[in-house]
Structure formats: C-alpha cells, structure tokens
Amino acid sequence: MKKQYDIIVVGAGPAGSMAARYAAEKGVSVLMLEKDRDVGYPVRCGEAISKAGVEEFIPIDEKWIAATISRFGFVAPNGNEVFINFGDAGFVLERRLFDYALAQSAAEAGVEILTRAYVYGLIIEDDIVKGVKYEYRGEQHEVYAKVVIAADGVESRVGRWAGLKTHIDFRDMEAAVQVTAANIPIDQNTLYFYFGKDVAPNGYFWVFPKGNNKANIGLGVSGITGKKRSALSYLNDFMEKHYPNAPILTSIAGGVPCSITLDKISAPGIMLVGDAARQVNPLSGGGIASGMIGGSIAGTIAGDAIKNNNLTHILTYDKAWGDRLGKRHEIFNRIKNGIYNFSDEKFNLIAQSFLKVPEEKRGLGNLFVTALMNQPSLLVDVAKVFLVK
Ligand SMILES: Cc1cc2nc3c(=O)[nH]c(=O)nc-3n(C[C@H](O)[C@H](O)[C@H](O)COP(=O)(O)OP(=O)(O)OC[C@H]3O[C@@H](n4cnc5c(N)ncnc54)[C@H](O)[C@@H]3O)c2cc1C
Numbered sequence: 001m002k003k004q005y006d007i008i009v010v011g012a013g014p015a016g017s018m019a020a021r022y023a024a025e026k027g028v029s030v031l032m033l034e035k036d037r038d039v040g041y042p043v044r045c046g047e048a049i050s051k052a053g054v055e056e057f058i059p060i061d062e063k064w065i066a067a068t069i070s071r072f073g074f075v076a077p078n079g080n081e082v083f084i085n086f087g088d089a090g091f092v093l094e095r096r097l098f099d100y101a102l103a104q105s106a107a108e109a110g111v112e113i114l115t116r117a118y119v120y121g122l123i124i125e126d127d128i129v130k131g132v133k134y135e136y137r138g139e140q141h142e143v144y145a146k147v148v149i150a151a152d153g154v155e156s157r158v159g160r161w162a163g164l165k166t167h168i169d170f171r172d173m174e175a176a177v178q179v180t181a182a183n184i185p186i187d188q189n190t191l192y193f194y195f196g197k198d199v200a201p202n203g204y205f206w207v208f209p210k211g212n213n214k215a216n217i218g219l220g221v222s223g224i225t226g227k228k229r230s231a232l233s234y235l236n237d238f239m240e241k242h243y244p245n246a247p248i249l250t251s252i253a254g255g256v257p258c259s260i261t262l263d264k265i266s267a268p269g270i271m272l273v274g275d276a277a278r279q280v281n282p283l284s285g286g287g288i289a290s291g292m293i294g295g296s297i298a299g300t301i302a303g304d305a306i307k308n309n310n311l312t313h314i315l316t317y318d319k320a321w322g323d324r325l326g327k328r329h330e331i332f333n334r335i336k337n338g339i340y341n342f343s344d345e346k347f348n349l350i351a352q353s354f355l356k357v358p359e360e361k362r363g364l365g366n367l368f369v370t371a372l373m374n375q376p377s378l379l380v381d382v383a384k385v386f387l388v389k
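Note that the sequence shown covers residues 1 to 389 in our numbering.
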C-alpha cells in the first residue's frame with residue numbers, strides 16, 4: 001500500500017466503483033477503501049434497475065440477474081390493477097454479485113481495492129482535503145491523495161467532515177424496510193407497485209420478483225409518516241394480509257434520501273457521489289443507476305483534473321451533474337410532492353381511467369394523457385406538480 005495516490009474513493013458501492021473505474025481509465029492512481037469485509041454485502045436494496053441504467057456501465061451478465069422485467073403493475077387502493085407492458089424494461093438484480101462485478105471492472109481498470117478498511121477521518125491542510133485516515137486490522141493509517149471521492153452511502157460522514165452541508169430535511173429521508181420472501185406466487189416479469197394510505201402513505205409499496213417465486217417486498221415512509229406509524233408495521237400488515245405463510249429469507253432496513261441533490265457536491269480536494277451526494281431519483285427512490293452516473297462523471301472529471309494538473313477542474317462537477325440528472329431530479333421532486341399527496345379516491349380514479357385503454361395500447365405517455373382526458377380535474381394537480389416551487 002502506497003502512502004500517496006492521485007485519488008482515494010471511500011466506499012465500494014455502485015457509485016464508488018464507477019468513480020474509481022472512470023478515474024483509473026484516465027491513467028491516474030486510484031485506491032478504493034471499503035469498510036465491510038465483502039464488496040456488495042450486506043445488501044440494502046429492492047434491486048430494481050432499468051436496462052439502460054445497467055447497459056451504460058457493464059455488459060449484461062445472467063449471473064447477477066434475478067429477474068427480467070417487461071411489465072409494470074399498479075395496484076390502486078381499491079384493489080384495481082393496471083398493467084403496462086414495456087418490452088425490455090429492466091431487471092431485478094442480485095446486488096451482492098452486481099456490486100462485486102462493478103468493483104471487479106474497477107480493478108481491471110487499475111484501481112487498488114482494500115476491504116475491511118474503515119475511513120474514520122480526513123487529512124485537511126489549509127482548508128483543502130489532502131487524504132484520509134483509516135483503520136485496517138486494528139491499525140490506524142494515513143494516506144494522501146490529490147482528490148478524495150466520498151461514496152460512503154446514505155449515512156455518509158465524509159462530506160460533513162470536509163465541511164459540506166450534507167443535511168437533508170427529515171421529510172425527504174425515507175425509512176425503508178423490506179423482506180425477501182419465498183413462495184410468492186406473482187408473475188416473475190412484473191414489478192408491482194401498490195398505492196394508498198393503508199399500504200404506503202406518501203409513497204408506494206413494492207413487490208419485486210426475485211426469480212424462483214421469491215420476491216423483494218417492502219416500502220419506504222417519509223420522516224413525517226414514520227413519526228406516527230413505522231414502515232415495519234405497514235410491512236407486517238401487508239405480509240399478514242397477502243402472504244401470511246411466506247418464509248422470510250432476509251429482512252433489511254435502511255434510509256433512502258428522496259430529495260434533490262445537495263447544494264454543493266464538490267470543494268477543494270473533495271467530491272461526493274451517489275447517496276452521499278443525494279443523487280437518488282426522488283420520485284422512484286432508485287439510486288443504483290443515478291449513483292453510477294454521478295460516480296462516472298466525478299471519476300472522469302477528477303481523472304482529467306489530475307492529468308492536466310488543474311485541480312480546480314473538479315469544481316465543474318456540480319454543473320456537469322446538474323446538466324445530466326440533477327436538474328431533472330428537481331422536476332421529479334416536484335412531481336413526487338404532488339403525486340404522493342393524492343387521495344386514495346384520486347388513485348382509484350386514475351386506475352379506472354387507465355383500465356379503459358386496451359392493454360396492447362398502454363404506454364406511460366398515452367395512459368397519462370388518457371387519465372387526464374377522463375379526469376380533467378387531474379390537470380390542476382399536474383399543473384400544481386409542475387408549478388409549485
Ligand atoms: C430498502 C431499500 C430499497 C431500495 N431499493 C432500490 C431499488 O429497487 N432500486 C434502486 O435503484 N435503488 C434502491 N435503493 C437505493 C440504493 O440502494 C442506493 O441508492 C444505492 O445503493 C446507492 O449507491 P452508493 O454507491 O451511493 O452507496 P452504497 O451502495 O450504500 O455504498 C456505500 C458503501 O460505502 C461503504 N462505507 C460507508 N462508510 C464507509 C467508511 N467510513 N469507510 C469505508 N467504507 C464506507 C459502505 O460499506 C458501502 O459499501 C433502495 C434503498 C433501500 C434502503
């Protein structure tokens with residue numbers, strides 16, 4: 001292990017591995033430190049991702065695909081189901097293997113990886129981040145870098161240590177719980193989304209197929225809802241009602257930052273990527289693909305900055321992220337705030353409108369338009385979604 005690298009990445013999730021890989025591909029030296037024993041484990045994720053989200057970064061490999069998704073199912077509060085066919089929409093992953101494959105691709109690009117390496121502090125000199133302090137096998141070490149990339153997930157502390165404002169409103173921090181259960185008799189190519197105040201107030205409940213009749217079943221509730229009733233009690237009720245005898249293979253809980261990106265995600269010597277930067281899609285709660293995108297942009301910019309001996313170049317990362325996804329997330333966030341406040345009656349009406357369209361003609365675009373035509377009062381809500389700042 002060297003004492004100095006061009007770039008150090010903290011955390012080997014999807015965002016960290018992509019940041020490390022894209023930087024290393026520029027020919028600079030990169031060290032990625034991961035606190036857990038294994039890259040990719042433990043998994044805290046519903047594991048759904050679009051096909052495009054994967055293909056941008058890694059060739060599809062059956063090894064880490066648990067289910068192939070071609071259909072979405074929306075279940076209204078009154079139980080009406082609307083299905084939309086999408087063709088090749090996406091996947092439910094085996095993230096344990098997927099994250100591992102991403103880290104391997106980083107290693108192939110020349111990244112050094114150290115697991116069981118817990119980063120507990122930063123080296124800061126003259127207000128510039130110059131490296132990290134980490135503990136490995138009971139011993140403390142210091143290692144210097146020209147750029148540190150914080151990819152340390154939703155509970156990130158690295159950004160805060162660097163003086164960046166990483167706090168988000170507690171209303172936007174969703175408390176999510178999920179079980180992976182066996183003997184779930186659902187279509188293994190459909191992602192199911194349930195809406196309504198009894199299943200997932202201000203959000204949605206998911207049942208995602210995991211292959212061989214297994215499924216990831218869970219929900220996230222906002223900080224406000226969680227104060228009144230826990231996400232776990234909604235999950236227990238759902239399981240009791242729908243799958244009372246299903247064997248539970250794993251149970252997980254975690255936070256999902258469903259907000260817009262932090263105001264500032266770079267500063268001298270430091271860049272933030274993935275959940276640490278709050279790059280999750282605030283409408284869907286999906287953060288795998290957007291984290292990889294954030295990581296790839298940060299890694300590319302950091303690599304260029306070092307190659308060209310112009311470290312201030314890393315400060316262009318905020319704008320580059322904003323142009324690629326950050327600004328879109330601001331719109332999604334407004335839509336989220338509108339949709340998640342819909343009443344159960346409104347969700348039922350939308351489903352009713354959708355059901356009038358023949359299944360072969362259904363697509364998200366035309367169903368949206370049909371819903372508006374059948375329910376003109378929705379226009380007001382949609383207008384609010386786009387206009388309310
Ligand atoms: C219940 C649940 C369901 C979800 N479902 C989906 C879904 O279906 N689809 C989707 O796209 N997204 C989903 N998400 C969100 C998704 O899991 C995250 O957005 C994604 O994992 C973010 O990737 P990341 O690389 O930023 O962080 P992470 O994957 O969290 O990786 C961060 C890494 O940093 C390491 N680390 C942290 N601190 C340190 C430290 N001090 N030193 C060294 N290493 C450290 C961690 O061990 C970890 O390996 C879900 C989240 C939850 C909680």
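The beta-carbon is built from N, C-alpha and C at its ideal position, and this holds for glycine as well. All values derive from a computational prediction rather than experimental measurement.
What's the call for residue 389, buried or exposed, on a 16-neighbour Cβ count within 10 Å? Low local confidence applies: a pLDDT of 36 at residue 389 is under 50, so the model's placement there is unreliable, and no value is given.
Local conformation of residue 1 per DSSP, three classes: Three-state DSSP puts residue 1 in coil, outside helix and strand.
Going by other Cβ atoms of all chains shown within 10 Å of its Cβ, with 16 needed for buried, is residue 356 buried or exposed? So residue 356 ends up on the exposed side.
Would you check if the segment 142–150 and the segment 230–243 touch, i.e. whether three or more CB-CB distances between them fall below 8 angstroms? The segment 230–243, when compared against the segment 142–150, does not touch it at the 8 angstroms Cβ threshold.
Cutoff 8 angstroms; reference residue 169; Cβ partners in own chain excluding five residues on either side: So the list reads 223, 259, once near-sequence residues are dropped.
Rounded distance between the beta-carbons of residue 18 and residue 296, thought under 8 angstroms: That pair is a contact at about 5 angstroms.
Within 10 angstroms of the Cβ of residue 1, are there 16 or more other Cβ atoms? Answer buried if so, exposed if not. With fewer than 16 neighbouring CB atoms inside 10 Å of its own CB, residue 1 falls in the exposed class.
For residue 276, is the beta carbon positioned less than 8 angstroms from some heavy atom of ligand 1? Set against 8 angstroms, the gap from the CB of residue 276 to the closest heavy atom of ligand 1 is smaller.
Is the number of C-beta pairs between the segment 57–68 and the segment 84–94 that are closer than 8 angstroms three or more? Short answer: they touch.
Per DSSP, residue 71 forms a beta bridge with which residues? When beta bridges are read from the DSSP output, residue 71 appears opposite 85, 190.
Residue 216, enclosing beta strand (DSSP E) - first and last residue: Counting along the chain, the beta strand (DSSP E) containing residue 216 begins and ends at 215–221.
Do residue 271 and residue 306 come within 9 angstroms of each other at the CB atom, strictly closer than that value? A distance of 9 angstroms or more separates the beta carbons of residue 306 and residue 271.
Alpha carbon to alpha carbon, what distance is there between residue 55 and residue 78? Each residue's alpha carbon lies about 37 angstroms from the other.
Can you give, in chain order, each stretch of the alpha helix (DSSP H) that sits fully within the segment 239–300 and has at least 4 residues? Within the segment 239–300, not a single complete alpha helix (DSSP H) segment reaches 4 residues in length.
Could you tell me if the beta carbon of residue 64 falls within a distance shorter than 8 angstroms of some heavy atom in ligand 1? Outside the cutoff, so no.
Going straight from the alpha carbon of residue 43 to that of residue 95, what length do you get? Whole-angstrom Cα-Cα distance: 7 angstroms.
Using only the alpha-carbon positions, how far apart do residue 46 and residue 129 sit? Near 34 angstroms, if we compare the C-alpha coordinates of residue 129 and residue 46.
Burial state of residue 202 (16 or more Cβ within 10 Å): It is buried - the Cβ of residue 202 has at least 16 other Cβ atoms within 10 Å.
With DSSP run on the structure shown, which of helix, strand or coil describes residue 332? Of the three classes helix, strand and coil, the one that applies to residue 332 here is helix, per DSSP.
By a C-beta neighbour count over all protein chains shown, 10 Å radius and 16 as the cutoff for buried, is residue 358 buried or exposed? Residue 358 is exposed by the Cβ-count criterion.
Where residue 168 falls: helix, strand or coil (DSSP): In the structure shown, the three-state DSSP call for residue 168 is coil.
Looking at C-beta atoms only, is the number of pairs between the segment 105–125 and the segment 16–35 that lie closer than 8 angstroms three or more? The segment 105–125 makes contact with the segment 16–35; the number of CB pairs closer than 8 angstroms reaches 3 or more.
From this set, 240, 107, 10, 236, which residue's C-alpha is nearest residue 131's C-alpha? Of the candidates 240, 107, 10, 236, the one whose C-alpha sits nearest the C-alpha of residue 131 is 10.
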